[in-house]
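Scroll down for the structure; my scribbles are underneath it.
Number of protein chains: 2
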Amino acid sequence: MARVPEAAVKRLPIYLRVLSDLAEEGAEVISSAELSRLTGLSSEQIRKDFVYFGVLGKRGVGYRIGHLCHRLRQLLGLEEEVRVALVGAGNLGTALARYNLMRQKEVRITAVFDRDWDKVGKKIEHLEILPMEDLERVIREQGIKMAIIAVPPSSAREVADALVEAGVKAILNFSPVKLDGRGKAYVKNIDLTMELEALAFYAGGREKG
Amino acid sequence: MARVPEAAVKRLPIYLRVLSDLAEEGAEVISSAELSRLTGLSSEQIRKDFVYFGVLGKRGVGYRIGHLCHRLRQLLGLEEEVRVALVGAGNLGTALARYNLMRQKEVRITAVFDRDWDKVGKKIEHLEILPMEDLERVIREQGIKMAIIAVPPSSAREVADALVEAGVKAILNFSPVKLDGRGKAYVKNIDLTMELEALAFYAGGREKG
DNA sequence: ATTTGTGAATTACTTCACAGCA
DNA sequence: TGCTGTGAAGTAATTCACAAAT
Chain A
1 MARVPEAAVK RLPIYLRVLS DLAEEGAEVI SSAELSRLTG LSSEQIRKDF
51 VYFGVLGKRG VGYRIGHLCH RLRQLLGLEE EVRVALVGAG NLGTALARYN
101 LMRQKEVRIT AVFDRDWDKV GKKIEHLEIL PMEDLERVIR EQGIKMAIIA
151 VPPSSAREVA DALVEAGVKA ILNFSPVKLD GRGKAYVKNI DLTMELEALA
201 FYAGGREKG
Chain B
1001 MARVPEAAVK RLPIYLRVLS DLAEEGAEVI SSAELSRLTG LSSEQIRKDF
1051 VYFGVLGKRG VGYRIGHLCH RLRQLLGLEE EVRVALVGAG NLGTALARYN
1101 LMRQKEVRIT AVFDRDWDKV GKKIEHLEIL PMEDLERVIR EQGIKMAIIA
1151 VPPSSAREVA DALVEAGVKA ILNFSPVKLD GRGKAYVKNI DLTMELEALA
1201 FYAGGREKG
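The listed protein sequences correspond, in order, to chains A and B. Everything in the first sequence is counted per my numbering, starting at 1 for the first residue and increasing by one. Everything in the second sequence is counted per my numbering, starting at 1001 for the first residue and increasing by one.
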C-alpha cells in the first residue's frame, strides 16, 4: 500500500457514505461499475483508488462491501470516535457545531472555545463554551487531534499556533486567512467569501457544468 | 485572452483580496515576486494567471494594481452588485446569511427561501424569509444568477432544478448530495461532513503540511 | 539591473485499453 | 464470460529556466 494521493483521500468519504448505505441494506459485494453509477466517478478511478487503499476485489465478482467499509473507516481513523475541537462560537462556529452534532457521530465536536467571556459558560446544545485559557489543557486531556477554526481573521494565526502546540494534527480553517500548519499539521482552508466570489465568475455566463 | 483554467479561477479571489488591500494603502505597482510573498503562490504561477486574465505587466517594473483590481472585478462580474439567493434557513443557512451580510458587499444574499411555513415571514437580519412558492418569481424579478443551497439532502435535487429553471447559472451546494447543473449551470458542492472526514485521514498521523 | 512572458520539463491526476484471473 | 488490476497514453496544472523588454 503506497502513498495515497490527495485526490484519492478526498474521495474516501464519498465511498464510505455510499458503501455504508449499501451495507445497511444488506448488500455483500459490489462491482466498480455499479459503484461508478452510484458515485458518479469512473470505474477505473475507483479500482485505482481501492488499490491505493490496499483493498483488492475478486475478478469476475467485485469487492466485498463489509471489508471495504472496514478498511475505509480504518484509514480515516473512524474505528474509535474522532474528537474535534471548535474554536470560535460566533454565527458560523455555532452553526457548524449544531450541524455537526446533529448529523455526525464518528467525527464529533467535543470541545468549544471562545475568547469572548460573555459567551464562555453558555451552551451549544449540550456543550459548554470554554475560555481560551483551557484550550491546551482540554485538548491534551481529550487527546484531540482535529480542530475547526471559526474566529475572525485577526486571531486565526495565533489560534492555529496554539492548536498545533497542543498537539492538533489536522485543522479545518474557515477564517479568511490562508493558514499553514508550520510543517506540524495539515491545514485545509475553506474561505466561504472566496468560494462565493469564485462562483461569481461562472455566474457571469462564461462556462457551464 | 484564452480560456481561463479552473485552477486559476479559484485563485482569482485570492488576488483580488490582496490587491484590494494594497490599493487602499495607496500602492500603485507590484511585482509578481512581491505578490508571491503576500499570497504564498509562486511568482511564475502568478504571471501565468495574469496572462490568462488578460493582464500584462511592465518588464523591470511590475503590474499596475488599479488596473489589475479593475480587471479581476470585471472577470468576477463584481462591477455591479451580485445578488445571491439562499434556499434553506436552518442553522447552516442562517449562519451563512449572517456571515455573508456582515462581511461581503459585492456578492450579497438578497433573498432567502424556506419550505417551512413556521420560518416564512421571520427575518434574518433585515431579510424576510420567503416561501418556496415565491422562488421563481423573485429570482426572475431580481435577475439573480447565483444561489446557495442549504437544505436537507432529500430536497436538494428538486431545489437545484427549480433554481436552474428560474435562470440561476451558478450554485454553491452545502447539502450532502452531489448535484450537477444539468449542463445549464455550474455547481460547486461543499460537503462539510465529508470535509471533516477527509481531514480525519490526515489527523491519523500519515501526512503533514 | 530588474522583472516580465513563455517554451520546455516536470509532476499530478485521469482515462484508455487490455491482459489475467475466477 | 465478467470484472479486476495495471501499464501506457492522455490531460491538466505547476515549476523551471531563460530570452526579451524597459
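Note that beta-carbon positions come from the ideal geometry of N, C-alpha and C, so glycine has one too.
- The three-state secondary structure of B:GLU1079, taken from DSSP, is coil.
- The beta carbon of B:LEU1127 lies closer than 8 Å to those of ALA1097, LEU1101, ILE1109, THR1110, ALA1111 and VAL1112 in the same chain, with the five residues before and after it left out.
- Uninterrupted beta strand (DSSP E) stretches at least 3 residues long and entirely within the stretch 132-156 of chain A occur at 146-149, given in chain order.
- The contact set of A:PRO13 on chain B, defined by CB atoms closer than 7 Å, consists of MET1194, GLU1197 and ALA1198 in chain order.
- Residue pairing by DSSP places B:TYR1063 opposite B:ILE1030 in a beta bridge.
- In its chain, beyond the 5 residues on either side, LEU1038 and THR1039 have a beta carbon closer than 6 Å to the beta carbon of B:VAL1018.
- Taking the beta carbon of A:GLY26 as reference, no residue of chain B falls within 9 Å; the closest one sits roughly 22 Å away.
- Secondary structure at A:GLU195: helix, using DSSP grouped into helix, strand and coil.
- Within chain A, the C-beta atoms nearer than 8 Å to that of B:ILE1190 come from ILE190 and GLU195, in chain order.
- The beta carbon of A:SER20 is closer than 7 Å to those of CYS69 in its chain, skipping five residues each way along the sequence.
- The C-beta of B:ASP1049 has 16 or more other C-beta atoms within 10 Å across all chains shown, which makes the residue buried.
- In the structure shown, B:ALA1007 adopts helical secondary structure according to DSSP, grouped into three states.
- About 18 Å separates the beta carbon of A:VAL29 from that of A:GLY54, a gap too long to meet the 8 Å contact definition.
- Looking at the backbone, the Cα of A:ARG71 and that of A:ILE46 are separated by about 15 Å.
- Taking 7 Å as the cut-off between beta carbons, the residues of the stretch 1138-1171 of chain B near chain A are LYS1145, MET1146, LYS1169 and ALA1170, in sequence order.
- For A:ASN91, the nearest CB of chain B lies under 8 Å from its own CB, placing it at the interface with that chain.
- Out of A:PHE201, A:ALA156 and A:LYS169, the CA that lies nearest to the CA of A:LEU179 is found in A:ALA156.
- Interface residue (Cβ-Cβ distance to chain B less than 8 Å): A:LEU76 is classified as such.
- Taking a cut-off of 8 Å for Cβ pairs, the stretch 1140-1148 of chain B and the stretch 1074-1085 of chain B touch, as three or more such pairs fall below it.
- Chain order gives the chain A residues near B:LYS1010 as ALA198, where near means a beta carbon separation below 7 Å.
- DSSP places A:ARG182 in the coil class of the three-state scheme, outside both helix and strand.
- Under the Cβ distance rule, B:PHE1053 does not count among the residues neighbouring chain A, no pair being separated by less than 8 Å.
- Inclusion of B:ALA1150 and B:ILE1171 in the CB contact set at 8 Å is not warranted, their separation being larger than that value.
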